[in-house]
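Trainee: If you're matching positions, the sequence shown starts at 29 in my numbering and goes up one per residue. I'd like to ask some things about the structure below.
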Amino acid sequence: MQEFKVPSSKSISNRLLIIKYLSQSNKAIKNLSLADDTLLMQNILSQIDRNPSKLIFTDNAGTVTRFILSLLALKEGVWQIDADPKMRERPIKPLLDALKDLGAEIKYIENEGKLPIQIIGGKLIGGKTINIDSNKSSQFLSSLLLISPYIKEGLSINIDKDMVSKPYLQMTISLMKEFGAKIKEKENQLIISPSEYNFKETQVENDYSSACFAFEKLSILQGEDLFIKNLYPNSLQADLIAIIYFSYFGIKSRFENNGLRISYNQENISQEKILLFDIKDCPDIFPSLVISALFSEKRVVFKGIESLEFKESNRIKAMLEGLREIGGKVILDKDMFIVDG
29 MQEFKVPSSK
39 SISNRLLIIK
49 YLSQSNKAIK
59 NLSLADDTLL
69 MQNILSQIDR
79 NPSKLIFTDN
89 AGTVTRFILS
99 LLALKEGVWQ
109 IDADPKMRER
119 PIKPLLDALK
129 DLGAEIKYIE
139 NEGKLPIQII
149 GGKLIGGKTI
159 NIDSNKSSQF
169 LSSLLLISPY
179 IKEGLSINID
189 KDMVSKPYLQ
199 MTISLMKEFG
209 AKIKEKENQL
219 IISPSEYNFK
229 ETQVENDYSS
239 ACFAFEKLSI
249 LQGEDLFIKN
259 LYPNSLQADL
269 IAIIYFSYFG
279 IKSRFENNGL
289 RISYNQENIS
299 QEKILLFDIK
309 DCPDIFPSLV
319 ISALFSEKRV
329 VFKGIESLEF
339 KESNRIKAML
349 EGLREIGGKV
359 ILDKDMFIVD
369 G
């Protein structure tokens with residue numbers, strides 16, 4: 029059995045960094061992600077305290093940009109936020125509209141609804157019910173949620189029934205509650221009371237979306253079992269569902285010794301000739317699943333692909349063009365991505 033090394037979860041890491049910052053704690057986050065996004069988040073958080081009137085540049089990091097926008101609206105200071113050309117085109121307006129509803133002073137420097145912007149922070153007042161469009165990204169909602177315990181008079185947020193990546197919202201809620209946030213969950217609404225985070229030392233689990241490359245490798249090349257450390261069955265990560273989806277390609281998963289052991293057995297391959305995968309809640313596993321599908325003898329249909337257009341690149345376009353260049357049989361049919369293996 030070989031060990032397959034994967035990094036720690038940047039989704040968990042970035043949320044923990046915001047919670048730790050707001051709590052003003054010096055407690056450690058063990059196994060913190062070393063991804064560019066997380067390093068950028070750490071750098072920006074250190075900048076905020078050094079200079080409350082500084083240009084903040086968020087590169088092409090969607091999570092960092094959206095989380096930092098809410099944080100700067102909360103913090104006193106005059107902030108200018110910009111990013112690289114790709115990030116300027118990615119959606120942020122639903123979040124900015126929600127922050128404006130809470131009293132944030134936001135000025136668009138070039139184009140409405142897009143970076144660069146100026147925020148005069150420290151003026152948020154709650155006691156309201158906020159609607160926020162989350163059908164392109166759940167990060168708008170997570171961004172606002174993370175700062176909500178520190179908004180005067182609390183906050184209620186209506187949840188869009190059509191929101192994408194809903195498990196990422198649940199990850200945010202679970203981490204907030206773990207460190208003391210007071211959140212009441214109703215069917216389509218969250219009610220957050222004023223409170224403070226009580227941050228304590230914690231450890232980040234490893235990244236399930238990165239582990240998908242192990243699933244992909246084994247489904248195509250077969251070979252000996254692979255072991256991935258620091259993955260758990262009660263994970264907060266949406267991409268845990270990869271265990272189920274890759275089982276259709278012959279991958280068996282078993283948790284043992286504080287990790288995940290995966291093995292390939294041809295007899296485990298699904299007998300179904302057509303598979304349907306809904307990735308609305310887990311878009312990051314799309315590339316690995318597509319490659320495994322390409323090497324299968326099946327037609328694999330992916331639905332729930334809408335948010336992939338708004339990632340750091342247009343993943344639908346990139347996969348479609350890249351696979352066709354190497355002779356892959358792939359079709360984009362309205363809101364379906366179809367692979368003929």
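Where a beta carbon is used, it is the ideal one built from N, C-alpha and C, also for glycine.
(1) Using CA atoms only, rank isn't needed, just tell me which of N286, S53, Q198, I47 is closest to M69.
(2) Can you grab the Cα-Cα spacing for the pair S171 / L97, in whole Å?
(3) Quick one: using the 10 Å Cβ neighbour count with 16 as the cut-off for buried, is S320 buried or exposed?
(4) Extract the residue ranges of the beta strand (DSSP E) inside the region 161 to 188, only unbroken runs of 3 or more that lie entirely within it.
(5) Between the alpha carbons of I158 and V34, how many angstroms are there, rounded?
(6) Given S324, which residues of its chain have a CB within under 7 angstroms of its CB, disregarding the five upstream and five downstream residues?
(7) So L348 packs on L360, CB below 8 angstroms; how close in whole Å?
(8) Would you list, in sequence order, the uninterrupted alpha helix (DSSP H) runs of no fewer than 4 residues that lie entirely inside the region 306 to 340?
(9) If you draw a straight line from the C-alpha of D161 to the C-alpha of L197, how long is it?
(10) Could you pull the start and end residues of the alpha helix (DSSP H) that I13 belongs to?
(11) What span of residues does the beta strand (DSSP E) with I256 cover, start to end?
(12) Would you check if the region 254 to 261 and the region 81 to 95 touch, i.e. whether three or more CB-CB distances between them fall below 8 angstroms?
(13) When you compare the region 41 to 59 with the region 216 to 236, are there three or more beta-carbon pairs, one atom per stretch, that lie closer than 8 angstroms?
(14) Do you know how far the Cα of C310 is from the Cα of K331?
(15) Less than 7 angstroms between the C-beta atoms of S221 and M191, yes or no?
(16) Does L246 pass the burial test, meaning 16 or more other C-beta atoms within 10 Å, or should it be called exposed?
(17) Does the distance from the CB of S36 to the CB of V358 come in under 7 angstroms?
(18) Bridge partners of S41, per DSSP?
(19) Quick check: what's the CA-CA separation for A242 versus K164?
(20) Please return the same chain residues whose Cβ sits closer than 8 angstroms to the Cβ of G182, not counting the five positions on each side in sequence.
(21) Our contact map puts I179 next to L169 with C-beta atoms below 8 angstroms; I'd like the distance itself, whole angstroms only.
(22) What is the residue span of the alpha helix (DSSP H) that D125 lies within?
(23) What are the start and end residues of the alpha helix (DSSP H) that includes Y236?
(24) Out of D235, L127, N139, state which residue places its alpha-carbon closest to the alpha-carbon of I40.
Mentor: The answer reads as follows:
(1) I47
(2) 8 angstroms
(3) Counting other Cβ atoms within 10 Å of its Cβ, S320 reaches 16 or more and is therefore classed as buried.
(4) 183 to 186
(5) Taking the straight line from one Cα to the other gives about 38 angstroms.
(6) Answer for S324: F277, G369, listed in chain order.
(7) 6 angstroms
(8) With a minimum length of 4 residues, the unbroken runs of alpha helix (DSSP H) contained wholly in the region 306 to 340 fall at 314 to 322.
(9) 13 angstroms
(10) Outside the displayed span of the chain (29 to 369) sits residue 13, for which this structure offers no information.
(11) 254 to 257
(12) Taking 8 angstroms as the limit for Cβ pairs, the verdict is that the region 254 to 261 does not touch the region 81 to 95.
(13) The region 41 to 59 is in contact with the region 216 to 236.
(14) 11 angstroms
(15) Between S221 and M191, the C-beta spacing is not below 7 angstroms.
(16) buried
(17) no
(18) Paired residues: none, contrary to the question.
(19) K164 has its alpha-carbon roughly 28 angstroms from the corresponding atom of A242.
(20) Excluding sequence positions up to five before and after G182, its CB lies within less than 8 angstroms of the CB of G154, G155, S176, I219, I220, S221, P222, all in the same chain and listed in chain order.
(21) Contact flag wrong, Cβ pair sits at about 14 angstroms.
(22) 121 to 129
(23) Start and end: 236 to 249.
(24) It is D235 whose Cα lies nearest to the Cα of I40.
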